[in-house]
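Right, one structure below, let's go through it.
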Amino acid sequence: MSNRIYRGENLKILKQLDASSIDLIYIKPPSELNTSDINPDDLNRPFTVGTTQYTNLYDAYLLYLESCLIEAYRILADHGTLYLHSNHTRVHYIKTLVLDPIFGRENFVNEIVWAKQGNGGGSHAWPAKHENILMYSKTPDFKFNPDNIDRIPYLAPGLVSEEKEELGKLPTDTWWYTQNISEKEILKRLISASTDPGDTVLDFFAGTGLTGEICSSLDRRFILIEEDQKHIEEMVSKFRGNEVEWINFD
């Protein structure tokens with residue numbers, strides 16, 4: 004299968020992808036989603052997300068995301084993994100109300116905390132300086148390759164053997180800016196750990212195609228879905244010369 008980049012509405016495209024065809028899904032949903040397909044009347048009466056009823060506009064975000072993630076579960080291979088990248092204002096709603104009902108609480112694997120550099124802003128509460136990445140598997144037999152992960156130094160190397168000190172340790176579920184972690188490095192770490200060369204990675208909130216860029220550098224295939232024409236134009240420039248099938252989905 005060739006690399007593919009779709010231009011169009013992600014839910015409609017997801018429904019066209021084959022079941023169990025994707026080895027890894029990584030998404031970072033934007034803070035606002037296009038919920039235009041949701042009937043406005045639905046926002047004025049209770050509706051169900053998972054098994055719980057909600058009534059306000061924020062729930063349109065969850066409702067749309069739920070529809071996409073139902074399809075994501077269908078197309079994910081049995082050994083596959085989903086990583087959903089969000090922030091502290093949304094991640095707990097997404098986990099409890101959307102992902103747990105779809106994937107099952109028993110298939111929640113990790114919450115990775117990315118502690119970012121910066122002052123966080125504000126003085127009325129503890130400044131927020133982190134983002135969250137939820138990891139779910141489809142089955143207990145998900146792929147995870149610790150040997151593919153770049154190791155980090157021990158904080159107290161004198162307390163471990165010389166062999167361990169030289170090898171370094173696996174990162175924990177808290178990733179600090181002091182480890183030179185950028186969004187590119189995060190994607191590289193996730194994709195390296197949860198796929199093998201030749202596997203297929205899907206990002207259906209692709210933006211300007213960073214996921215595809217990292218996949219290309221790691222010899223993974225990718226499927227990107229993006230609706231915004233400006234982002235598509237950036238990807239045309241970014242992937243010029245690469246073997247990519249461009250699909251305009253109306």
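Going letter by letter, the sequence shown gives residues 4 to 253 in this note's numbering.
From the three backbone atoms N, C-alpha and C, an ideal C-beta is built for every residue, glycine too.
Keep in mind the model is a prediction, meaning the values are calculated, not measured.
Given residue i as reference, the closest of the options once Cα atoms are compared
i	options	result
I28	H234, R224, I250	R224
K187	E216, E74, T198, F147	E216
F145	Y67, Q232, D81, I105	D81
D202	Q120, I184, I226, V239	I226
T99	R77, T84, E74, Y139	Y139
I228	E237, A209, F111	A209
G83	F111, S89, K191, S23	S23
Y184	D103, N148, D153, P200	First, the residue type needs correcting, since residue 184 is Ile and not Tyr in the sequence shown. Cα-wise, what sits closest to I184 is D153.
V112	D21, Y86, S240	Y86
P33	L68, R243, F147, T142	L68
P143	L190, G107, S195, V101	G107
K141	M238, Y76, L20, E237	Y76
H133	D103, I105, W178	W178
L17	N6, S5, I73, A63	I73
N6	D206, D231, E230	D206
K119	I189, L173, I235, D222	I189
S197	L20, F147, Q19	F147
Whole-angstrom distance between residue j and residue i, CA atom to CA atom
i	j	result
A128	L65	26 Å
L219	E109	Sequence inspection shows Ser at residue 219; the Leu mentioned does not correspond to that position. Those two C-alpha atoms are separated by around 32 Å.
I136	W117	8 Å
C71	L14	5 Å
I78	I25	6 Å
A131	H91	8 Å
W249	V204	16 Å
K233	T214	17 Å
L60	D150	Bear in mind that a pLDDT of 47 at L60, under 50, signals an unreliable position, so the number given afterwards is only what the model happens to contain. So the two alpha carbons sit approximately 44 Å from each other.
I115	K31	14 Å
V52	H95	Since pLDDT at V52 reaches only 49, below the 50 mark, its modelled position is unreliable, and no value is offered.
I105	P200	28 Å
T175	D253	43 Å
D103	L193	21 Å
D62	D21	28 Å
R243	V101	37 Å
D231	L173	37 Å
Y9	L221	21 Å
E236	V247	14 Å
S195	S89	20 Å
Q19	I97	24 Å
V239	R93	31 Å
Where the beta strand (DSSP E) containing residue i begins and where it ends
i	result
N135	133–140
F225	224–229
L205	203–206
I30	25–30
W178	177–179
N6	6–10
Cβ separation of residue i and residue j, assumed to be a contact under 8 Å, to the nearest whole Å
i	j	result
G11	N245	Wrong, their Cβ atoms sit about 20 Å apart, outside the cutoff.
G212	K241	5 Å
Continuous alpha helix (DSSP H) stretch holding residue i: start and end
i	result
A196	186–197
E114	Taken as a continuous stretch (DSSP letters only), E114 belongs to no alpha helix (DSSP H), being part of the beta strand (DSSP E) at 111–118.
N13	13–17
E248	That residue, E248, is in no alpha helix (DSSP H); its beta strand (DSSP E) goes 247–251.
D103	103–106
I235	232–241
T214	213–220
Within the segment 56–100, ranges of the beta strand (DSSP E) (whole runs, at least 3 residues): 79–90
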